[in-house]
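Note sheet for the following structure.
Protein chains: 2
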Amino acid sequence: MKTLGVIGGLGPQTTADLYRRIGELVDVSKTGQRPHIIIDSIPITTYLENENIIHEREFEPVLPYLINAAINLEKSGADFIVLACNSLHIFTKEITEAINVPFVSITDTVVQTVLEKGYKKVGLLGTIRTNSSKMYDIPLKKQGVDLYKLDVERQKELNKTIIRLINNTYDQSDSIIFHDAVYKLFDNGVEGVILACTDLHLLMNVTDNFEIIDAMEVLAQRSAKIIQNG
Amino acid sequence: MKTLGVIGGLGPQTTADLYRRIGELVDVSKTGQRPHIIIDSIPITTYLENENIIHEREFEPVLPYLINAAINLEKSGADFIVLACNSLHIFTKEITEAINVPFVSITDTVVQTVLEKGYKKVGLLGTIRTNSSKMYDIPLKKQGVDLYKLDVERQKELNKTIIRLINNTYDQSDSIIFHDAVYKLFDNGVEGVILACTDLHLLMNVTDNFEIIDAMEVLAQRSAKIIQNG
Numbered sequence: 024m025k026t027l028g029v030i031g032g033l034g035p036q037t038t039a040d041l042y043r044r045i046g047e048l049v050d051v052s053k054t055g056q057r058p059h060i061i062i063d064s065i066p067i068t069t070y071l072e073n074e075n076i077i078h079e080r081e082f083e084p085v086l087p088y089l090i091n092a093a094i095n096l097e098k099s100g101a102d103f104i105v106l107a108c109n110s111l112h113i114f115t116k117e118i119t120e121a122i123n124v125p126f127v128s129i130t131d132t133v134v135q136t137v138l139e140k141g142y143k144k145v146g147l148l149g150t151i152r153t154n155s156s157k158m159y160d161i162p163l164k165k166q167g168v169d170l171y172k173l174d175v176e177r178q179k180e181l182n183k184t185i186i187r188l189i190n191n192t193y194d195q196s197d198s199i200i201f202h203d204a205v206y207k208l209f210d211n212g213v214e215g216v217i218l219a220c221t222d223l224h225l226l227m228n229v230t231d232n233f234e235i236i237d238a239m240e241v242l243a244q245r246s247a248k249i250i251q252n253g
Numbered sequence: 024m025k026t027l028g029v030i031g032g033l034g035p036q037t038t039a040d041l042y043r044r045i046g047e048l049v050d051v052s053k054t055g056q057r058p059h060i061i062i063d064s065i066p067i068t069t070y071l072e073n074e075n076i077i078h079e080r081e082f083e084p085v086l087p088y089l090i091n092a093a094i095n096l097e098k099s100g101a102d103f104i105v106l107a108c109n110s111l112h113i114f115t116k117e118i119t120e121a122i123n124v125p126f127v128s129i130t131d132t133v134v135q136t137v138l139e140k141g142y143k144k145v146g147l148l149g150t151i152r153t154n155s156s157k158m159y160d161i162p163l164k165k166q167g168v169d170l171y172k173l174d175v176e177r178q179k180e181l182n183k184t185i186i187r188l189i190n191n192t193y194d195q196s197d198s199i200i201f202h203d204a205v206y207k208l209f210d211n212g213v214e215g216v217i218l219a220c221t222d223l224h225l226l227m228n229v230t231d232n233f234e235i236i237d238a239m240e241v242l243a244q245r246s247a248k249i250i251q252n253g
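Sequence lines, in order, name chains A and B. To convert, take the position in the first sequence, counting from 1, and add 23; that gives the numbering used here. To convert, take the position in the second sequence, counting from 1, and add 23; that gives the numbering used here.
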């Protein structure tokens, strides 16, 4: 079995969910043991966290937190590393270069899932920064997949919801904002919607039956597979 | 702020809950940053896990997992370490001796809470091993507190429930077994019941209004306090 290192804390609730989900997905009746998972939940300042998500400010001050955690996880024995936050995947190159073990990116995992499903038109829900970074647009376009995004006003509203999710102050009105955004994208003819912020899955209802590619879930599945099969 | 190291994975769902709860309890509006938490979720074999909880077998083969994780967490920068499992606190001495940072024990934290509440008679719910180890009897007796336990048959039944909790195969019947056990202890005149297995809190209902000292919750509160105040 491979040891997984998780750069976490963005936010803690989602990291906890990712960890639990991987724990459920690894088939201990086959492996004969629990997965070895090491989580470094980083002490990012709330100032940086909120500024970066609300506005399109520079993310560079966050990078040392990520690099420290990645190096720490590798030193602790992680065979591969994941990051429980979509937006911060703009630093995929920097994290990959800082370590000697594979960094398994959410972006790659989501794009691979879109291709496996055979979609040609997908919607994207994430932070302003994720949308503007084009981290999904470019690899999807290369594969002939069109990407639809929210209009500016709706995107601003969704961003505020994401802040409340991370700060654990969300309520029913955030679920409405989220579901409105999802339906808006389906109105544009998409075949599925990428939840490109790992916290957004917290707003899903068990009764939701639209086609979702949940970044948190696909990362959990991919991680469990690597843990089990190397 | 102090960095917390968690020896986790026993089971993963409870470790995830402990981590999330600490994330909620640390007041980021005061600290200005997220807590730094490192979790080493250990790859214990399911054979050892089940054997130790079902039967009163020797726990010694588990010890190297705990020691490795504790040392790993200290090396990674943990200022203090906790273990998200009650039964394995029989190794408190060995873990404490293996590291140079404080090991904050669940047992001590629970006993301190019982004293703060002024209880003189408390009940205990945990694994067979926790009950037979007398890890709560001795420190409570020293403080003049009487401890009530389940009869052998009920204890065996509860143990099976704990196995199902850890393996995530529990259902409504386990909630009934748990609540029956709780009421049985209150019938004996206890003022509160210690949930001395960190997984048992998963069976609590939001409507439960009996007096519970939940080991998982008191450990979360103590950890958050140390993180914030040193």
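All residues carry an ideal CB built from backbone N, CA and C; glycine is no exception.
Between VAL29(B) and ALA107(B), is the Cβ-Cβ spacing less than 8 Å?
As a working note, residue 29(B) is residue 6 in the second sequence. As a working note, residue 107(B) is residue 84 in the second sequence. Yes, Cβ-Cβ distance for VAL29(B) and ALA107(B) is below 8 Å.
Residues in its own chain within less than 8 Å of ARG57(B) by CB, not counting five upstream and five downstream?
Here residue 57(B) refers to the residue found at position 34 of the second sequence. Answer for ARG57(B): GLY46, VAL49, VAL51, listed in chain order.
Determine, using beta carbons only, whether THR68(A) comes closer than 8 Å to chain B.
If you number the first sequence from 1, residue 68(A) lands on position 45. For THR68(A), the answer is yes, since a Cβ of chain B falls inside 8 Å of its Cβ.
I want to see whether chain A comes within less than 8 Å of GLU74(B), judged by CB atoms only; does it?
In the second sequence, counting from the first residue as 1, residue 74(B) sits at position 51. Chain A, which has no Cβ nearer than 8 Å to the Cβ of GLU74(B), makes this no.
Rounded C-beta distance between LEU27(A) and ALA101(A)? I'm assuming under 8 Å.
One-based indexing of the first sequence puts residue 27(A) at position 4. One-based indexing of the first sequence puts residue 101(A) at position 78. At roughly 6 Å, the Cβ-Cβ gap stays under 8 Å, so LEU27(A) and ALA101(A) are in contact.
Using the Cα positions of GLN135(A) and ASN91(A), report the straight-line distance between them to the nearest angstrom.
As a working note, residue 135(A) is residue 112 in the first sequence. As a working note, residue 91(A) is residue 68 in the first sequence. Their backbone Cα atoms lie some 28 Å apart in a straight line.
Beta carbon proximity, GLN251(B) to chain A, threshold 8 Å
In the second sequence, residue 251(B) corresponds to position 228, counting from 1. Output row for GLN251(B): interface = no.
For the pair the stretch 143-153 of chain B and the stretch 178-188 of chain B, tell me if three or more CB-CB distances fall below 8 Å.
yes
Give a yes or no on whether the C-beta atoms belonging to THR69(A) and GLY253(B) are separated by under 8 Å.
Taking the first sequence and counting its residues from 1, one reaches residue 69(A) at position 46. Taking the second sequence and counting its residues from 1, one reaches residue 253(B) at position 230. Contact: no.
With a 10 Å radius around its C-beta and 16 neighbouring C-beta atoms as the bar for buried, classify SER196(A) as buried or exposed.
Translated into positions along the first sequence, residue 196(A) becomes position 173. Exposed, because fewer than 16 other Cβ atoms sit within 10 Å of the Cβ of SER196(A).
Between the Cα of VAL145(A) and the Cα atoms of ILE217(A), THR221(A), PHE201(A), GLU139(A), which residue gives the shortest distance?
Here residue 145(A) refers to the residue found at position 122 of the first sequence. Comparing Cα-Cα distances from VAL145(A) to each of ILE217(A), THR221(A), PHE201(A), GLU139(A), the minimum goes to ILE217(A).
Considering only the beta carbon of each residue, do ILE104(A) and PHE82(A) sit closer than 8 Å?
As a working mapping, residue 104(A) is identified with position 81 in the first sequence. As a working mapping, residue 82(A) is identified with position 59 in the first sequence. No; because the gap between Cβ atoms is not below 8 Å, this pair is not in contact.
Can you check the stretch 70-142 of chain A for any alpha helix (DSSP H) of at least 4 residues that lies completely inside it and give the ranges in chain order?
86-98, 115-121, 129-140
LEU48(B) - containing alpha helix (DSSP H), residue span:
Walking along the second sequence from the start, residue 48(B) turns up at place 25. That run of the alpha helix (DSSP H) goes 35-48.
Below 8 Å between beta carbons: does that hold for ASN109(B) and THR221(B)?
Locating residue 109(B) in the second sequence gives position 86, where the first residue counts as 1. Locating residue 221(B) in the second sequence gives position 198, where the first residue counts as 1. Cβ atoms of ASN109(B) and THR221(B): closer than 8 Å.
State the start and end residues of the unbroken beta strand (DSSP E) segment that holds TYR171(B).
Start at 1 with the first residue of the second sequence, and residue 171(B) comes out as number 148. Unbroken beta strand (DSSP E) run through TYR171(B): 169-171.
Pick out whichever of LYS25(B), LEU71(B), ASN73(B), ASN75(B) has its Cα sitting closest to the Cα of ILE65(A).
In the first sequence, counting from the first residue as 1, residue 65(A) sits at position 42. The candidate whose alpha carbon is nearest that of ILE65(A) is LYS25(B).
Once the 5 residues before and after GLU97(B) are set aside, which same chain residues still bring their CB inside 8 Å of it?
By one-based count along the second sequence, residue 97(B) stands at place 74. If we look at GLU97(B) and ignore the five residues flanking it on each side, its Cβ neighbours are GLY28, ILE104, ILE122, ASN123, VAL124.
Given this structure, state the Cα-to-Cα distance separating ASP169(A) from ILE61(B), to the nearest angstrom.
Counting from one through the first sequence, the residue named residue 169(A) turns up at place 146. Counting from one through the second sequence, the residue named residue 61(B) turns up at place 38. The straight-line gap from Cα to Cα measures roughly 39 Å.
8 Å Cβ cutoff, TYR42(B) in contact with chain A
Position 19 of the second sequence, counted from the first residue, corresponds to residue 42(B). With 8 Å as the cut-off, TYR42(B) counts as an interface residue toward chain A.
Identify each residue in the stretch 86-115 of chain B for which the Cβ-Cβ distance to at least one residue of chain A is less than 8 Å, and report them in chain order.
ASN95, LYS98, SER99, GLY100
I need the boundaries of the beta strand (DSSP E) containing ASP237(A), first residue and last residue.
Indexing the first sequence from 1 puts residue 237(A) at position 214. It spans 235-237 - the beta strand (DSSP E) in which ASP237(A) sits, taken as one unbroken run.
MET239(A) versus GLY167(A), THR132(A), ASN228(A), residue with shortest Cα-Cα distance:
Stepping through the first sequence from its first residue, residue 239(A) is reached at position 216. MET239(A) has its Cα closest to that of THR132(A), out of GLY167(A), THR132(A), ASN228(A).
Would you mind reading off the limits of the beta strand (DSSP E) that contains ASP63(A)?
The residue labelled residue 63(A) in the question sits at position 40 within the first sequence. Run containing ASP63(A): 60-64, per the beta strand (DSSP E) assignment.
Using the Cα positions of ARG177(B) and ALA204(B), report the straight-line distance between them to the nearest angstrom.
The residue you call residue 177(B) lines up with position 154 of the second sequence. The residue you call residue 204(B) lines up with position 181 of the second sequence. Cα-Cα distance, rounded: 7 Å.
Nearest candidate by alpha-carbon position, reference ASN73(B), set GLU120(B), LEU86(B), ILE186(B)
Counting from one through the second sequence, the residue named residue 73(B) turns up at place 50. Nearest of GLU120(B), LEU86(B), ILE186(B) to ASN73(B), Cα basis: ILE186(B).
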